[in-house]
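Below is one structure; the comments refer to it alone.
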Ligand SMILES: NC(=O)c1ccc[n+]([C@@H]2O[C@H](COP(=O)([O-])OP(=O)(O)OC[C@H]3O[C@@H](n4cnc5c(N)ncnc54)[C@H](OP(=O)(O)O)[C@@H]3O)[C@@H](O)[C@H]2O)c1
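Numbering (the numbering used here), first residue to last: 1381 to 1718.
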């Protein structure tokens, strides 16, 4: 077992990439522009592709074997960026090797898998964080702070949507049940996390949706209800584009989060006192990297910005929605089970 060094603030965090697909490229480019981080190794199922990715991004080592990467003593942390169907198994292997891990969203296919992986991380004292980068964004943090401190009164409604039109292709991961397909896990996880940030766990859930020919969910509307009278509307779709903007309604004002709410350029806080428009440059994955580094150096097993309970809780809601829609993955004996 290898143990990574985490306390040295002088040298960069040496990342090992488990997977070398689309989002890995974006993250590698972000790391290249973020002080205190570097990509040192990459593993892909195809060693030739791993080598090409390593060469392109200045990593020294390329492996055609994920096990080699997680055992590499010169890797401080793993960026797990494969498709979600394989996250659970790869998380367990990474955590058992003692490697801190930033795992792309959604953490796993379902809440049971997430709970098992995050329990393993806590057991091994290893930092594990879902790559829910939106939660680390300065303007999202500003918005949640404004709601928490009562600026807009009591939050009574959150409306959040994210639609991206994918031409139908049964082999694309968003339509492929064997690869964790479906709009809920790929897209809905964002508006669901956004609603959770302002309102927390819902008491009731109503689900309306339709399926793709492959049997995965294609467009879903969720109505979250709260005993205190609040509600959230969460919409996601792989059938049509819907700009990811969001509205938070309180008894004394509103917060409007401009598209794209994962990394908003602006938010507007409106109360009787007037409108405050707060803008920001786009931050991309940098705040997420900075939060991960902060946690790593603090010796934490979880980030307060992306708590394990919220990762599991959101997946519980998505499990319940899939149960209602009859969407079950081949990896599940029943919905929600490992
Ligand atoms: N944070 C964001 O903004 C964002 C954006 C897009 C995607 N994501 C998330 O990132 C993850 C990867 O998405 P992506 O668009 O990068 O996907 P992708 O390019 O289709 O695949 C990523 C990697 O997953 C592995 N993989 C793909 N299909 C597989 C299969 N059938 N069985 C086993 N492994 C498979 C491959 O690893 P090898 O390289 O080893 O072959 C591939 O390189 C997903 O969980 C997605 O939700 C996040």
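A virtual CB, placed ideally from N, CA and C, is assigned to each residue, including glycine.
query                                                                                                                                                                          : result
Give me the residue from 1508, 1522, 1484 with the minimum Cα distance to residue 1478.                                                                                        : 1508
Enumerate in chain order the residues of its own chain whose CB-to-CB distance from residue 1383 is below 7 Å, with the five nearest sequence positions on each side excluded. : Residue placement at residue 1383 is flagged as unreliable, the pLDDT there being 39, under the threshold of 50; the coordinate-derived value follows with that caveat. These residues qualify, in order along the chain: 1478.
Could you compute how far the alpha carbon of residue 1586 sits from the alpha carbon of residue 1525?                                                                         : 28 Å
Could you give the DSSP three-state label for residue 1470: helix, strand or coil?                                                                                             : helix
Under the assumption that residue 1538 contacts residue 1564 (Cβ atoms under 8 Å), give the Cβ distance between them as a whole number of angstroms.                           : So it is not a contact: roughly 17 Å between Cβ atoms.
By the 10 Å Cβ neighbour count, where 16 or more other Cβ atoms means buried, how is residue 1590 classified, buried or exposed?                                               : exposed
Who are the near neighbours of residue 1626 in its chain, counting only those whose CB is closer than 8 Å to its CB and skipping five residues on each side?                   : 1538, 1539, 1540, 1541, 1571, 1574, 1636, 1637, 1641
How would you label residue 1396, buried or exposed, when you count the other beta carbons within 10 angstroms and need 16 or more for buried?                                 : buried
By how many angstroms is the C-alpha of residue 1558 removed from the C-alpha of residue 1568?                                                                                 : 19 Å
Count the other CB atoms, across all protein chains shown, that sit within 10 Å of the CB of residue 1381; report buried if there are 16 or more and exposed otherwise.        : Residue placement at residue 1381 is poorly supported in this model, since its pLDDT is 36, which falls under 50; the coordinates are not used for a value here.
CB residue 1457 to CB residue 1685, shorter than 8 Å?                                                                                                                          : no
Going by the beta-carbon positions, is the gap between residue 1399 and residue 1527 smaller than 8 Å?                                                                         : no
Looking only at its chain, what residues have a beta carbon closer than 7 Å to the beta carbon of residue 1512, apart from the 5 residues adjacent to it on each side?         : 1485, 1573, 1686
Can you tell me whether residue 1509 is helix, strand or coil according to DSSP?                                                                                               : strand
Pull the bridge partners of residue 1689 from the DSSP assignment, please.                                                                                                     : DSSP output for residue 1689 lists no bridge partner at all.
Shortest alpha-carbon distance to residue 1699 belongs to which of 1488, 1648, 1544, 1553?                                                                                     : 1488
Applying the criterion that 16 or more other CB atoms from any shown protein chain within 10 Å of the CB defines a buried residue, is residue 1417 buried or exposed?          : buried
Measure the alpha-carbon distance for residue 1597 versus residue 1510 and round it to whole angstroms.                                                                        : 22 Å
For residue 1427, does the count of other Cβ atoms within 10 angstroms reach 16, so buried, or fall short, so exposed?                                                         : exposed
May I ask which residues mark the beginning and end of the alpha helix (DSSP H) holding residue 1450?                                                                          : 1446-1450
Tell me, please, whether the segment 1644-1651 touches the segment 1490-1500 by the rule of three or more beta-carbon pairs shorter than 8 Å.                                  : no
CB residue 1561 to CB residue 1594, shorter than 8 Å?                                                                                                                          : yes
So if DSSP puts residue 1459 in a beta bridge, which residue, or which two residues, is it bridged to?                                                                         : 1397, 1482
Would you identify the three-state DSSP class for residue 1597, choosing helix, strand or coil?                                                                                : strand
If you compare alpha carbons, which of 1531, 1651, 1498, 1532 is closest to residue 1692?                                                                                      : 1498
Mind checking whether residue 1443 and residue 1432 have CB atoms under 8 Å apart?                                                                                             : no
Measuring only the C-alpha atoms, how far is residue 1545 from residue 1465?                                                                                                   : 22 Å
Does residue 1525 come out as helix, strand or coil in the three-state DSSP assignment?                                                                                        : helix
On a Cα-Cα basis, can you pick out the residue from 1670, 1689, 1651, 1408 that is closest to residue 1533?                                                                    : 1651
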